[in-house]
Ligand SMILES: Nc1ncnc2c1ncn2[C@@H]1O[C@H](COP(=O)(O)OP(=O)(O)OP(=O)(O)O)[C@@H](O)[C@H]1O
Ligand SMILES: [Mg+2]
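In the working numbering, the protein residues as written are 1 to 309.
Here is the structure:
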């Protein structure tokens with residue numbers, strides 16, 4: 001660990017942050033990817049590290065620039081849709097951060113944001129426009145996803161006529177599990193479930209259209225929503241390679257898996273070495289780390305039209 005928790009990983013990149021340390025600032029939680037600090041007055045600092053989890057296990061190596069990509073892409077979308085969807089976003093400009101954070105500007109810059117602390121709904125609001133991942137698996141086995149019956153004979157990666165809302169539990173440990181809309185309603189309340197479904201579908205459709213204009217297919221994505229001051233707001237990260245499946249539109253062809261802008265390289269590598277998907281994870285070769293880093297940066301560049309800042 002170097003200054004302010006910057007772990008130097010010379011094999012890949014001078015600055016790969018695996019774990020942040022901000023002495024004097026209250027650490028609320030470390031998720032698989034993000035470190036969350038409680039600033040008091042209902043505000044949180046969300047810092048995206050370069051940690052990467054695959055099959056729900058955090059890898060020993062970080063992916064250079066990953067945390068920056070996640071933060072900058074989320075901020076881009078919060079800004080893009082701010083007049084339609086209220087979110088937890090306050091600022092990602094470190095000069096506007098509270099003064100107790102100023103000593104940490106170097107580590108915070110580009111990878112952290114100040115947000116309103118909300119009360120998260122305990123569901124992952126997944127929207128699918130294409131058949132992939134666990135949706136494809138469930139469809140193949142049962143013809144349904146989360147209780148939604150789909151036409152028969154659809155191919156892998158097929159585009160759905162209408163995007164579908166397929167909620168999942170937010171498991172504290174282990175894998176998230178797809179649930180039916182009725183089950184979601186039992187957990188969050190029927191009115192809230194309707195609202196979250198309609199907000200999620202609307203947001204997905206807007207993002208999908210925007211991304212298609214930039215040559216990117218958003219096959220599926222996951223949103224989190226929370227209650228804040230009596231309103232439902234968008235929280236967490238949005239429309240990043242960690243929360244979504246992005247495919248290049250060029251070359252899209254149903255009937256097989258599509259190349260994607262995320263950790264697919266890592267997953268493929270882990271499958272190839274027949275890792276049992278239990279900790280400890282095997283070390284990742286340098287080229288896998290480098291390629292994954294490129295994929296994340298590529299997603300940011302294509303969607304926002306800009307590189308990292
Ligand atoms: N505005 C917010 N208010 C309260 N909690 C939030 C807010 N935004 C995000 N969160 C929570 O912060 C955490 C983000 O960290 P991260 O994504 O790394 O965790 P995770 O590994 O996905 O999941 P886990 O929640 O199981 O730790 C999530 O638990 C998310 O629900
Ligand atoms: Mg998360």
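We treat Cβ as the ideally placed atom computed from N, Cα and C, and that holds for glycine.
Item: Answer yes or no: the CB of residue 63 versus the heavy atoms of ligand 1, is any distance below 7 Å?; Value: no
Item: Per DSSP, what kind of secondary structure is residue 209 in: helix, strand or coil?; Value: helix
Item: Cutting at 8 Å between CB atoms, please list the residues of its own chain near residue 308, excluding the five before and the five after it.; Value: 65, 68, 69, 72, 110, 297, 300
Item: Considering just the uninterrupted stretch of the beta strand (DSSP E) at residue 221, what are its terminal residues?; Value: 216 to 228
Item: Check whether the Cβ of residue 236 sits closer than 7 Å to any heavy atom of ligand 1, and report yes or no.; Value: yes
Item: Any chance the CB of residue 31 is under 7 Å from a heavy atom of ligand 2?; Value: yes
Item: Is DSSP giving residue 133 helix, strand or coil here?; Value: helix
Item: Can you give me the start and stop residues for the beta strand (DSSP E) that residue 48 sits inside?; Value: 43 to 48
Item: What does DSSP give as the partner residue(s) for residue 248 in the beta ladder?; Value: 216
Item: Let's test the definition: count the other Cβ atoms within 10 Å of the Cβ of residue 56 and tell me whether it reaches 16, buried, or not, exposed.; Value: exposed
Item: Assign residue 168 to one of three DSSP states: helix, strand, or coil.; Value: strand
Item: Sorry if obvious, but does the Cβ on residue 226 come closer than 7 Å to a heavy atom of ligand 1?; Value: yes
Item: Going by C-alpha to C-alpha distance, which of 246, 60, 247, 225 sits closest to residue 237?; Value: 225
Item: Along the chain, where does the alpha helix (DSSP H) containing residue 294 start, and where does it finish?; Value: 286 to 304
Item: Between the C-alpha atoms of residue 42 and residue 136, what's the straight-line distance to the nearest angstrom?; Value: 40 Å
Item: Rounded to whole angstroms, what's the CA-CA distance from residue 21 to residue 254? Just pull it up for me.; Value: 45 Å
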